[in-house]
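For the sequence shown, the positions run 8 to 404 when this note's numbering is used.
For each residue, glycine too, the CB sits at the ideal point set by N, CA and C.
Bear in mind that the values here come from a model prediction, so they are computed numbers and not experimental data.
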Amino acid sequence: MKVGIVGAGASGLMLAGLLKKKGFDVYVFDKNEKCGKKLYITGKGRCNLTNYCSPDEFLKNVVRGEKFLRSAIYNFPPSECVKFFNDLGLETKVERGNRVFPKSDKSSDVIKTLFKFCEGVKFKFCEDVKSITFNGDFCLRTKVKEYHFDKVVIATGGASYSSTGSDGSGYKLAKSFGHSVEEIRSALCPIKLKDDVSSLQGVSLKNVAINADADKKKIHFFGEMMFTDIGITGPIVLSLSSLINRALNVQISLDLKPALDEKTLDARLLRDFDENKNKNFLFILKGLMPQALCKFFAKKCEIFVDKKVHDITKEERLKVVKTLKNLPLSYNGLYPLETGIVTSGGVKTAEINPKTFESKLQNGLYFVGEVLDLDALTGGFNLQIAFATSYMCALNM
Ligand SMILES: Cc1cc2nc3c(=O)[nH]c(=O)nc-3n(C[C@H](O)[C@H](O)[C@H](O)COP(=O)(O)OP(=O)(O)OC[C@H]3O[C@@H](n4cnc5c(N)ncnc54)[C@H](O)[C@@H]3O)c2cc1C
């Protein structure tokens, strides 16, 4: 049985090695000169390869495709994924939030491990797959030549960070077999704001909460974020982006003091005001937030930073309390698709068998990894999706 896999990324490599071990004659095509270019930049070069949690917990972190993924994640849960890599000699460690990394902190070690696992696989690098047709067998065309296969797997990834090779060309290949592609959107990307935040660029906030109302759906994340020149980024912002990327109406606000309720905050402000009657408002704000944020915050409260504390009215004080709990940010859309850590949307999962990952429209044609309409939050979930879909595909092919 001769199988052609398009894409030598996380999913393509895993699948190639597994199929080779099953005795298939495996070819892997990649437009790049080497494998795993996106894998190399994952986890800031450390590769957060999975999240060490139960399948149920895992599925709670899936944004699109939770039901479809159920069987793959139960068959190849994160614990199996860790075991798989450990058995191949890659030592791993678990960090905060169950994030699994190679002990060496080097994504290149994950790539090396997978490449070694692919011993005997025929790699065709610098071969961009332009078209695939079926006429008794699959004919796969690259600029270099034509190849024939019994089965073909599309493992071309999403459409962001296109310099890594994942430029969305897999969607075209899917469409040529009549597959529908769910409209793609940026996910796990920064958010643009209408507010002028250029002076806040680089200011980072810890232990804050971001609250959003997206088409009436309430969303809440707690953690860290940062301002960019035109918006916001950081872990809680990236997570939020994945949940609002299809919403038409989005309102965002920050809770700068999530641990305190309004009553407690007001009591603290009263105390601060009492002890610093002759200071200005800016002095009070400096005790509540990073200095760089004070002017922006004061503007939102409509109180001048140089106003004397003893001149601040009760209504104004209560407005400060409300704004600390609910600092409105004016949403101006997401950063472009290219900046997304993952792509939301892709080949519609309703047209794919969730146990085999075979197309329901064309026998012998398979899809694995991010090319499918599947995405999850940060924490190693997206690579686990790539590995688990490939595992199931290999198991049942
Ligand atoms: C900056 C960044 C950091 C990330 N960090 C993490 C992390 O720490 N943990 C995590 O879980 N996820 C992370 N991700 C997401 C994760 O990398 C992807 O979800 C995962 O790589 C998807 O695997 P894949 O095999 O489906 O696609 P990819 O890994 O993108 O591989 C697809 C391959 O197909 C090739 N290809 C595409 N089209 C063709 C064609 N027509 N012909 C030939 N070859 C083709 C490409 O060159 C590419 O090598 C990160 C993503 C980015 C961008």
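Consider the C-beta atom of residue i and the heavy atoms of ligand 3; say whether any pair is separated by less than 7 Å.
i             : result
threonine 171 : No copy of ligand 3 appears in this structure; the ligands present are ligand 1.
Would you mind reading off the limits of the alpha helix (DSSP H) that contains residue i?
i            : result
arginine 324 : 321-332
arginine 275 : 269-282
serine 397   : 388-403
leucine 341  : First-last for leucine 341: 338-341, but that is the beta strand (DSSP E), not the alpha helix (DSSP H).
valine 117   : 114-124
glycine 50   : Looking at the DSSP string, glycine 50 is not in any alpha helix (DSSP H), and its letter there is neither H nor E.
lysine 182   : 176-182
Can you tell me the Cα-Cα spacing of residue i and residue j, whole angstroms?
i                : j                 : result
serine 138       : leucine 147       : 6 Å
alanine 194      : leucine 344       : 8 Å
glutamate 323    : isoleucine 310    : 8 Å
serine 366       : glycine 72        : 16 Å
phenylalanine 31 : methionine 8      : 5 Å
asparagine 105   : serine 18         : 21 Å
threonine 350    : leucine 331       : 34 Å
isoleucine 348   : serine 86         : 24 Å
valine 10        : phenylalanine 304 : 59 Å
valine 33        : alanine 23        : 6 Å
lysine 110       : aspartate 63      : 26 Å
glycine 165      : asparagine 389    : 11 Å
aspartate 268    : aspartate 262     : 10 Å
glycine 314      : glycine 340       : Note that residue 314 is lysine in the sequence shown here, rather than glycine. Going by the C-alpha atoms only, they are around 35 Å apart.
lysine 199       : cysteine 301      : 20 Å
aspartate 116    : glycine 16        : 14 Å
phenylalanine 92 : asparagine 403    : 21 Å
Cα-Cα, which of the options is closest to residue i?
i                 : options                        : result
lysine 90         : Ser205, Glu64, Val107          : Val107
alanine 219       : Phe145, Lys45, Pro335          : Pro335
leucine 429       : Gly230, Thr235, Glu126         : Missing from the structure shown is residue 429; the chain here goes from 8 to 404 and no further.
serine 187        : Phe374, Phe130, Gly353         : Gly353
valine 327        : Tyr338, Thr346, Leu341, Lys306 : Lys306
tyrosine 154      : Gly172, Gly177, Ser170, Lys129 : Lys129
alanine 254       : Arg192, Lys74, Asp279          : Arg192
phenylalanine 184 : Ser249, Phe288, Phe141         : Phe141
leucine 180       : Thr149, Cys196, Gln208, Lys201 : Thr149
tyrosine 342      : Cys196, Phe132, Gly175         : Cys196
List the residues that DSSP assigns as beta-bridge partners of residue i.
i              : result
tyrosine 373   : Val160, Glu365
threonine 240  : Met233
cysteine 146   : Thr140, His155
alanine 357    : Answer by DSSP bridge pairing: none, since alanine 357 is not bridged.
valine 107     : Thr57, Val101
tyrosine 34    : Gly11, Lys129
glutamine 258  : Asp220
valine 378     : BP columns for valine 378 are empty, so no partner.
isoleucine 226 : Ala219
Does DSSP put residue i in a helix, in a strand, or in coil?
i                 : result
glutamate 153     : strand
phenylalanine 132 : strand
arginine 253      : coil
isoleucine 348    : coil
isoleucine 310    : coil
aspartate 318     : helix
alanine 194       : strand
valine 204        : coil
leucine 20        : helix
phenylalanine 91  : helix
alanine 383       : strand
asparagine 287    : strand
proline 297       : coil
glutamate 40      : coil
Considering residue i, what are the terminal residues of the beta strand (DSSP E) in which it resides?
i           : result
alanine 219 : 211-221
valine 70   : 69-71
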